[in-house]
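J.: For the sequence shown, position 285 (counting from the first letter as 1) is numbered 285 according to the UniProt record's numbering, and the numbering increases by one without interruption.
The structure follows.
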Amino acid sequence: MDDTVHGITTGAVARRLGVSPTTVRSWDRRYGIGPAVRADGRHRRWSPTDIAVLEEMCRLTASGVPPAEAARAAREVGASAAPDPRPGPGRRATAGSGLPLGDVRQECRGLARAAVRLDGPLMETILRSALATYGLVTTWEEIMTPTLHAVGRKWESSGDRYVEVEHLLSWHVSTALRQAAVTGPPAAPEAPPTVLACVPSEQHTLPLEALAAALAERSLPTRMFGAAVPAEALDAAVRRSGPAAVVLWSQARSTANHALARHIAGTAFGVRGARTAPLVLLAGPGWRGRTPDPGTARPAGLREAIDVVSRLYGEPAGGGDERTGGTGP
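Now the structure itself:
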């Protein structure tokens, strides 16, 4: 069926905009923000012009405009502003932001729209609410990561556009993760820490920040050294802190340094006769395609990394959020 002629359903519109169908119906009843034509005189079918009005309503209410006032302004949006709701050839339908999100949570679509609008306060609100509702691991896997990937794909396919969107979104994700990390009880000061670091030349830190926050939630001690840690500095950090584990993040094969990983895995410390070495976790897609060396492990994702580190401290495994019951990778 041609959606341009017949329109699309309320459920499809709600998914497109990242709001609930109840909200769309409520706007129709209360403020007259509804379709001009109804199938069989009853069922709502939304045309491109109708959707343009709803998108303006979403934008205005998200920026704090009262709904009644936003509705009056949204109705002034002309048909020329309406986007084409049909997916292009070889492309899935996207959120109102124009980002290639696919089938994701409603909060993910809302976060994408806020990111494209450079609406920092709304991003902060969405992320804080998601963390409180779903927990850190689920929020990272099902809301933060899909939105970050969508922005990255949009940037790659649009030349130099959307760089500012990616930077602002990354900043707010990082801020939310760090705030989540300080909400748990403090770790035991005498316990050996887990060192987290990006290998030399690797700048992607957000996955490590997610792991650091998840471990902090479990009161496990961490030392986060961030992006592109020089080999000499990493060696010094390991020898000085005597960690139980060292997590090395590599985003691409070009940055994966297997010689450095073997060196860290073989670094012994402690008193003579009771010397020990850390377990090295090879985290990130850069390490794939090769069997891990002795003294190293390659977790499949955030949940498995949490489980591996937790067992080193005698904690029960189960990287999933307790409120969702999830434990899968």
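Positions of the beta carbon are idealized from the N, C-alpha and C atoms, including for glycine.
Small disclaimer: the values here were computed from a predicted structure and weren't measured.
1) Say whether the region 188-203 touches the region 223-232, bearing in mind that this needs 3 or more beta-carbon pairs closer than 8 angstroms, one atom from each stretch.
2) Give me the residue from 71, 224, 57 and 244 with the minimum Cα distance to residue 277.
3) Could you pull the DSSP bridge partners for residue 287 from this structure?
4) Would you report the Cα separation of residue 35 and residue 171, rounded to the nearest angstrom?
5) To the nearest angstrom, how far is the alpha carbon of residue 180 from that of residue 124?
6) Are the beta-carbon atoms of residue 141 and residue 260 separated by less than 8 angstroms?
7) Which class does residue 302 belong to by DSSP, given the choice of helix, strand or coil?
8) So, using beta-carbon positions, are residue 33 and residue 53 closer together than 8 angstroms?
9) Give the range of the beta strand (DSSP E) segment to which residue 224 is assigned.
10) Quick check on residue 56 - is its C-beta less than 8 angstroms from some C-beta in chain D?
11) Quick one: is residue 250 buried, meaning 16 or more other Cβ sit within 10 Å of its Cβ, or exposed?
12) Go ahead and label residue 286 buried or exposed: buried means 16 or more other beta carbons lie within 10 angstroms of its beta carbon, across all protein chains shown.
13) Please report the distance separating the alpha-carbon of residue 15 from that of residue 311.
14) Grouping DSSP H, G and I as helix and E and B as strand, with all else coil, what is residue 20?
15) How should residue 118 be labelled, buried or exposed, when 16 other C-beta atoms within 10 angstroms of its C-beta is the threshold for buried?
16) What is the C-beta distance between residue 309 and residue 295, in whole angstroms, given that I count them as a contact (C-beta under 8 angstroms)?
17) What does a CB cutoff of less than 6 angstroms around residue 247 pick up in its chain, not counting 5 residues either side in sequence?
18) Is the beta carbon of residue 130 less than 8 angstroms from the beta carbon of residue 122?
19) Which residue from 58, 8 and 47 puts its Cα closest to that of residue 26?
20) Skipping 5 residues on each side, what residues in its chain have a beta carbon closer than 6 angstroms to that of residue 257?
21) Counting along the chain, where does the beta strand (DSSP E) carrying residue 248 start and finish?
22) Is it buried or exposed for residue 109, if we count other Cβ within 10 angstroms and need 16 for buried?
23) How is the alpha helix (DSSP H) around residue 175 delimited, first residue to last?
24) On the three-state DSSP scale, how would you describe residue 195?
25) Taking residue 342 and residue 44 to be in contact with their CB atoms under 8 angstroms, please state how far apart those CB atoms are, rounded to whole angstroms.
26) Could you tell me whether the Cβ atoms of residue 143 and residue 111 are closer together than 8 angstroms?
27) Check this for me: beta carbons of residue 127 and residue 173, under 8 angstroms apart or not?
28) Could you check what DSSP says for residue 264 in three-state terms: helix, strand or coil?
29) Relative to the C-alpha of residue 51, which residue among 69, 66, 76 and 163 is closest?
30) Beta carbon of residue 56, beta carbon of residue 68: below 8 angstroms?
31) Can you check which of these residues, 236, 211 and 288, is closest to residue 253 by C-alpha distance?
32) Would you mind stating whether residue 225 and residue 237 have Cβ atoms separated by less than 8 angstroms?
33) Please go through the same chain and pick out, in chain order, the residues whose beta-carbon is closer than 6 angstroms to the beta-carbon of residue 255, but skip the five residues on each side of it.
34) Answer yes or no: do residue 217 and residue 178 have a C-beta to C-beta separation smaller than 8 angstroms?
35) Which word fits residue 267, buried or exposed, when buried means at least 16 other C-beta atoms lie within 10 angstroms of its C-beta?
T.: Answer, in terms of the structure:
1) yes
2) 244
3) Residue 287 pairs with nothing; no bridge assigned.
4) 38 angstroms
5) 12 angstroms
6) no
7) helix
8) yes
9) 222-226
10) This model lacks chain D altogether, as it is built from one protein chain only.
11) buried
12) buried
13) 40 angstroms
14) coil
15) exposed
16) Wrong, their Cβ atoms sit about 15 angstroms apart, outside the cutoff.
17) 196, 281 and 283
18) no
19) 58
20) 199
21) 245-249
22) buried
23) 163-181
24) strand
25) The structure shown has nothing for residue 342, since the chain only spans 1 to 329.
26) yes
27) yes
28) helix
29) 76
30) no
31) 288
32) yes
33) 199, 201, 202 and 286
34) no
35) buried
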